[in-house]
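Trainee: Before anything else, here's the structure in question.
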Amino acid sequence: MLNIFLLPLAILTSYIFLDDEIINKTSYVITLTGYIALVYLVITLSLPLLKNNNFKIKTRLFGISAFYFSMIHFILYVIDNSYDLTLILEDALFRNYIIVGYLALLLLIPMYLTSFQYFKDKIKDWKKLHKIIYMVYFFILAHIYFIIKADYYYLILFSSILLVIIILKRYNFYKLNE
Amino acid sequence: MSKYCLKENHVTDEKLFNQRRAIIKSSLAFSLLTFSNLLFSNDKKLIFSKDMKYSTNEETNTFKQITSYNNFYELGSGKRDPMMNAEKLNTDDWTVSIDGEVKNKVTLSKDDFINKFPLEERIYRLRCVEAWSMVVPWIGFELSHIIKLAEPTYKAKFIAFESVYDPENLPGQKRNILAWPYREGLRLDEARNPLTILSVGLYGRILPNQNGSPIRLIVPWKYGFKSIKSITKISFVEKMPDTSWNLEAPNEYGFYSNVNPYVSHPRWSQKRERRIGEFRKRDTLMHNGYAEHVAHLYEGMDLTKNF
């Protein structure tokens with residue numbers, strides 16, 4: 001946890017505070033934490049694809065770190081709106097990018113909880129439950145789509161990554177069942 | 179003890195000694211080079227008067243903030259890209275053609291804009307459609323001077339502006355992010371409003387490339403994207419001209435694009451904005467606080483339809 005979540009968080013925090021080249025810091029850090037959460041999700045999905053998979057524990061750590069980063073992303077958004085409930089509610093009801101953002105965040109919660117042994121014991125099908133990670137990924141792509149003005153570069157990049165991961169997973173699945 | 183009392187490390191190496199003339203020459207050349215850079219660089223100070231009538235007395239944003247947080251998609255779509263890629267915009271031999279429904283078709287060089295018109299400093303609020311804002315001390319002159327010079331005919335109802343097109347050098351134009359070249363437009367009465375200026379400088383100096391050098395439009399009561407950068411063409415036209423963001427998303431960016439907290443962007447609210455440098459957002463003002471000068475231009479118009 002130290003290496004995967006706390007250390008990057010410490011580096012990120014000091015970078016944000018120390019680098020005076022970053023002009024709109026609040027907006028920058030909100031965007032950045034969102035993208036870090038997505039990159040962690042990509043790593044969580046990709047690690048099991050490695051052939052010599054000695055990464056079982058780390059996969060889980062990346063998953064929960066993705067959850068923590070998305071929570072930071074969300075909390076910063078709330079702070080940025082001065083905790084003003086009318087503004088936050090208006091966003092939640094009328095802004096597409098906020099709505100899909102909430103959906104992604106809500107779906108991460110059951111996955112986060114069932115990553116702990118206590119809930120794993122209670123819910124035997126927790127592995128099936130974790131398939132919702134693809135829905136989360138999809139909602140994040142929609143979240144990005146709804147906020148882009150014109151340049152779709154990152155949307156295309158992360159969509160392609162998902163596509164490659166899905167193809168590789170299928171390929172591995174057939175190989176195992178040959 | 180030797181006769182001359184010189185230690186080994188006090189003696190100049192023979193190789194260096196033999197190159198002594200070349201070393202002196204190169205250091206001279208270097209200082210000459212730096213000096214000539216000082217003479218011809220963009221650091222040239224402009225001569226201008228200070229406007230009191232239209233300028234705000236709010237605290238201005240720093241030069242650094244204004245020059246390293248830009249939307250100038252020709253130089254890249256990230257906020258820092260325009261600063262990083264600034265040198266890819268070549269403004270040598272820059273001309274602006276003024277044509278269309280006018281009596282005097284003229285072509286002006288970038289020096290003409292500095293020398294021919296009365297430059298003044300206008301400190302304006304700038305409100306981006308992305309809900310951030312700055313206060314910028316522009317140096318420029320009223321667009322009405324160009325209108326007087328061109329003498330539009332009775333047919334002219336709008337002005338269409340066109341920005342630089344150079345896909346070979348401008349990284350953003352290598353991809354079809356927007357319909358290039360960037361295009362903007364104003365109704366003729368909006369263009370004649372004394373608030374509307376063409377800017378050639380900032381903080382008393384020539385505009386840095388990332389801010390739209392050598393000449394750009396400033397329309398402070400409209401969202402920032404209306405203030406087209408690096409203009410190459412000004413045409414007086416009869417019909418409402420196409421504008422790049424309107425072509426990109428017609429339901430999101432209208433022709434007028436006046437700052438209006440009561441009409442939200444379809445995807446986000448326009449009620450508040452972050453002044454760059456401040457932590458808490460502030461309320462956005464109608465017409466960006468310039469309503470007393472411009473509200474009459476839109477009397478009787480439904481601003482939710484003519485957004």
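In order, the protein sequences belong to chains A and B. If you're matching positions, the first sequence starts at 1 in my numbering and goes up one per residue. If you're matching positions, the second sequence starts at 179 in my numbering and goes up one per residue. Ideal Cβ positions, reconstructed from N, Cα and C, are used throughout, including at glycine.
1. For M182 (chain A), which residues in the same chain have their Cβ closer than 7 Å to its Cβ, ignoring the five residues on either side in sequence?
2. Buried or exposed, going by whether 16 or more other CB atoms sit within 10 Å of the CB of L348 (chain B)?
3. Taking Cβ-Cβ distances shorter than 8 Å, what residues in chain B pair up with T26 (chain A)?
4. Which partner residues does S341 (chain B) have in the DSSP bridge list?
5. Counting contacts by CB-CB distance shorter than 8 Å, is I355 (chain B) in contact with chain A?
6. Does L76 (chain A) get closer than 8 Å to chain B when you measure Cβ to Cβ?
7. Would you give the residue range spanned by the beta strand (DSSP E) that E298 (chain B) belongs to?
8. Could you tell me which chain E residues have their CB closer than 8 Å to the CB of F146 (chain A), listed as they occur along the chain?
9. Any residues in the segment 310-325 of chain B with a beta carbon nearer than 8 Å to a beta carbon of chain A? Which ones, in chain order?
10. Counting only Cβ pairs nearer than 9 Å, list the residues of chain A close to E426 (chain B).
11. For Q243 (chain B), return the contacting residues in chain A, with the cut-off set at a CB-CB distance below 8 Å.
12. Ignore the nearest five residues each way along the sequence and tell me which others in P296 (chain B)'s own chain have a CB closer than 8 Å to its CB.
13. Let's see if you can read the secondary structure: which residues bound the alpha helix (DSSP H) around D367 (chain B)?
14. Whether or not the segment 456-473 of chain B and the segment 428-437 of chain B are in contact is what I'm after, with contact meaning three or more pairs of Cβ atoms, one per stretch, closer than 8 Å; do they touch?
15. Do you know how far the Cα of L286 (chain B) is from the Cα of N130 (chain B)?
16. Spell out whether any CB of chain A is found under 8 Å from the CB atom of S246 (chain B).
17. Which residue marks the beginning of the beta strand (DSSP E) containing I423 (chain B), and which one marks its end?
18. Measuring CB to CB, does A357 (chain B) end up less than 8 Å from L425 (chain B)?
19. Put F457 (chain B) into one of helix, strand or coil per three-state DSSP.
20. According to DSSP, simplified to helix, strand and coil, what is F295 (chain B)?
21. If we count Cβ pairs, one from each stretch, closer than 8 Å, do we get three or more for the segment 230-241 of chain B versus the segment 301-312 of chain B?
22. Listed in chain order, which residues of the segment 254-287 of chain B have Cβ atoms closer than 8 Å to some Cβ of chain A?
23. Closer than 7 Å to a non-hydrogen atom of the ligand ZN - does that hold for the CB of S46 (chain A)?
24. If you run the structure through DSSP and keep just helix, strand and coil, what is G478 (chain B)?
25. Checking contacts by CB at 8 Å: is Y112 (chain A) closer than that to chain B?
26. I'd like the span of the alpha helix (DSSP H) that includes T13 (chain A), first residue to last.
27. Taking Cβ positions only, does S65 (chain A) come closer than 8 Å to chain B?
28. CB-CB under 8 Å to N429 (chain B), same chain, minus the five flanking residues each way: which ones, in chain order?
29. Taking 8 Å as the cut-off, decide whether the C-beta atoms of F396 (chain B) and V274 (chain B) are in contact.
30. Excluding the five sequence neighbours on either side, which residues of its own chain have a C-beta within less than 7 Å of the C-beta of I64 (chain A), listed in chain order?
31. Alpha carbons only, please: which of B:R453, B:I317 and B:R370 is nearest the one belonging to S377 (chain B)?
32. Going by the DSSP bridge assignment, what does P386 (chain B) pair with across the sheet?
Mentor: A quick look at the data gives this:
1. Because chain A here runs from 1 to 178, residue 182 (chain A) falls outside it and cannot be looked at.
2. Buried: at least 16 other Cβ atoms inside 10 Å.
3. Going along chain B in sequence order, the residues near T26 (chain A) (Cβ under 8 Å) are R452 and F457.
4. S341 (chain B) is bridged by DSSP to B:I409.
5. Interface residue, yes.
6. Chain B, which has no Cβ nearer than 8 Å to the Cβ of L76 (chain A), makes this no.
7. Taken as a continuous stretch (DSSP letters only), the beta strand (DSSP E) holding E298 (chain B) covers E298 to R305.
8. Going by chain labels, chain E is absent from the structure shown, which instead holds the protein chains A and B.
9. Within the segment 310-325 of chain B, the residues whose Cβ lies closer than 8 Å to some Cβ of chain A are W310, listed in chain order.
10. Below the 9 Å Cβ cutoff, chain A contributes K149 and A150 as neighbours of E426 (chain B), in chain order.
11. Those are I23, listed as they occur along chain A.
12. Excluding sequence neighbours, P296 (chain B) sits near S227, F319 and H323.
13. Segment L366 to R370, the alpha helix (DSSP H) holding D367 (chain B).
14. The segment 428-437 of chain B vs the segment 456-473 of chain B: in contact.
15. Shown here, chain B extends from 179 to 485; a query on residue 130 (chain B) therefore has no answer.
16. Nearest CB-CB separation between S246 (chain B) and chain A: below the 8 Å threshold.
17. According to the sequence as given, residue 423 (chain B) is Trp; it is not Ile. Run containing W423 (chain B): none in the beta strand (DSSP E); it sits in the alpha helix (DSSP H), S422 to E426.
18. In contact: A357 (chain B) and L425 (chain B) (Cβ atoms closer than 8 Å).
19. Judged by DSSP in its simplified three-state form, F457 (chain B) adopts coil rather than helix or strand.
20. Three-state DSSP puts F295 (chain B) in coil, outside helix and strand.
21. They touch, by the three-pair rule.
22. Taking 8 Å as the Cβ-Cβ cut-off against chain A, the residues of the segment 254-287 of chain B that qualify are S255, K257 and R258.
23. Of ligands this structure carries none, so the ligand ZN is not represented either.
24. Coil.
25. Y112 (chain A) does not count as touching chain B.
26. Here the alpha helix (DSSP H) through T13 (chain A) covers L7 to L18.
27. Answer no: the Cβ-Cβ gap between S65 (chain A) and chain B never drops below 8 Å.
28. Within the same chain, P444 come within 8 Å of N429 (chain B) by CB-CB distance, once the 5 residues on both sides are set aside.
29. Per the sequence presented here, residue 396 (chain B) reads as Ile, with Phe not at that position. Here I396 (chain B) is not near V274 (chain B), since their CB atoms are 8 Å or more apart.
30. Excluding residues up to 5 positions away in sequence, Y112 and S115 lie with their Cβ nearer than 7 Å to the Cβ of I64 (chain A) in the same chain.
31. From the listed residues B:R453, B:I317 and B:R370, the smallest Cα separation to S377 (chain B) is found for B:I317.
32. Beta-bridge pairing by DSSP links P386 (chain B) to no other residue.
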